[in-house]
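This report concerns only the one structure given below.
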Amino acid sequence: MEPVPTPPVVPVELSDGAVSVTGFLHECAGPRAALALSHGAGSDATSPLLVELASQLASQGVLVLRFTLPFRVRRPSGPPHRAHSGLDRAGIALAASMLRERTSAPVFLGGHSYGGRQSSMLCAEQPDLADGLLLLSYPFHPPGKPDRMRTEHFPAITRPTVFVHGDRDPFSTVDEATTALREVTAPVRLVVIEGGRHDLGGARRPAMTATIVAAARELLVADA
Numbered sequence: 006m007e008p009v010p011t012p013p014v015v016p017v018e019l020s021d022g023a024v025s026v027t028g029f030l031h032e033c034a035g036p037r038a039a040l041a042l043s044h045g046a047g048s049d050a051t052s053p054l055l056v057e058l059a060s061q062l063a064s065q066g067v068l069v070l071r072f073t074l075p076f077r078v079r080r081p082s083g084p085p086h087r088a089h090s091g092l093d094r095a096g097i098a099l100a101a102s103m104l105r106e107r108t109s110a111p112v113f114l115g116g117h118s119y120g121g122r123q124s125s126m127l128c129a130e131q132p133d134l135a136d137g138l139l140l141l142s143y144p145f146h147p148p149g150k151p152d153r154m155r156t157e158h159f160p161a162i163t164r165p166t167v168f169v170h171g172d173r174d175p176f177s178t179v180d181e182a183t184t185a186l187r188e189v190t191a192p193v194r195l196v197v198i199e200g201g202r203h204d205l206g207g208a209r210r211p212a213m214t215a216t217i218v219a220a221a222r223e224l225l226v227a228d229a
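Each residue of the sequence shown is one higher than the last, beginning at 6 in my numbering.
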């Protein structure tokens, strides 16, 4: 039996004059879905989690653009600035538009931590931009501060959404996440990663990644 060829990965640079994003397009023949996948506040498009997810999903018929958000394109280190988060959402919209131009398949937004939060806010602001959301380690609140929930926009999310959350994530307990998800008006699913921390990494990453890919497939290509 011949080995399955690895889908090609193409460097990408996008700009609309106001914001710029860079990344990598994981191509596949006849995609059944497309995913714009962004990173957390301390990383970029080369995040091992994003690389693994993009590679595995592309091999299963999903066109994936893993990309670096505008705040990281501007600065190689340091956290995103709250006042400039709108530019990061504009960068996500730019990535989604690029995928729309590439395929007629459904387009989804996904991201880890900060990238997922901004993707969800964008989807709440522009419901027609994407067909659904894949949110990894959503930062429901700052660690140790459950009174500062970051869920004000949840009622405006009208697209199917999958949250993947580790049961050892300091940004929310599983119970807090479960309660918060009741605010989402769209079909929503919480996938709990046993032993998972916020980075969804460590020695158990292969098993965690397999769980995430299975949940993503159910969202992305179940009806394709």
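C-beta atoms are modelled at their ideal positions from N, C-alpha and C, and glycine is treated no differently.
Other residues of its chain near residue i: CB distance less than 8 Å, five sequence neighbours each side excluded
i           : result
residue 108 : 36, 39, 68
residue 57  : 210, 214
As assigned by DSSP and simplified to three states, the class of residue i
i           : result
residue 89  : helix
residue 30  : strand
residue 14  : strand
residue 173 : coil
residue 6   : With a pLDDT of only 46 at residue 6, under the threshold of 50, the placement of this residue in the model should not be trusted, and no figure is reported.
residue 237 : Lying outside 6 to 229, the shown extent of the chain, residue 237 is not represented and no answer is given.
residue 25  : strand
residue 183 : helix
residue 20  : strand
residue 53  : helix
residue 211 : helix
residue 61  : helix
residue 230 : Beyond the ends of the chain as shown, which are 6 and 229, falls residue 230; an answer cannot be given.
residue 96  : helix
Cβ-based burial, residue i [other Cβ within 10 Å; buried from 16]
i           : result
residue 86  : exposed
residue 207 : exposed
residue 218 : buried
residue 11  : exposed
residue 190 : exposed
residue 15  : exposed
residue 156 : buried
residue 13  : exposed
residue 34  : exposed
residue 22  : exposed
Residue of the options minimising C-alpha distance to residue i
i           : options            : result
residue 138 : 221, 14, 50        : 221
residue 84  : 157, 129, 44       : 44
residue 30  : 165, 157, 63       : 63
residue 133 : 65, 165, 226, 26   : 165
residue 175 : 116, 162, 144, 168 : 144
residue 53  : 25, 123, 117, 158  : 117
residue 99  : 26, 125, 113       : 26
residue 146 : 66, 119, 131, 130  : 119
Beta-bridge pairing of residue i - partner residues as DSSP gives them
i           : result
residue 39  : 68, 112
residue 196 : 169
residue 117 : 141
residue 73  : 27
Proximal residues to residue i (C-beta, below 7 Å), its chain only, five neighbours per side dropped
i           : result
residue 199 : 172
residue 160 : 188, 190
residue 104 : 39, 41, 68, 70, 112
residue 151 : 181
Residues near residue i in its chain [Cβ-Cβ closer than 6 Å; skip 5 each side]
i           : result
residue 179 : 172, 197
residue 74  : 43, 93, 96
residue 167 : 139, 194, 220, 224
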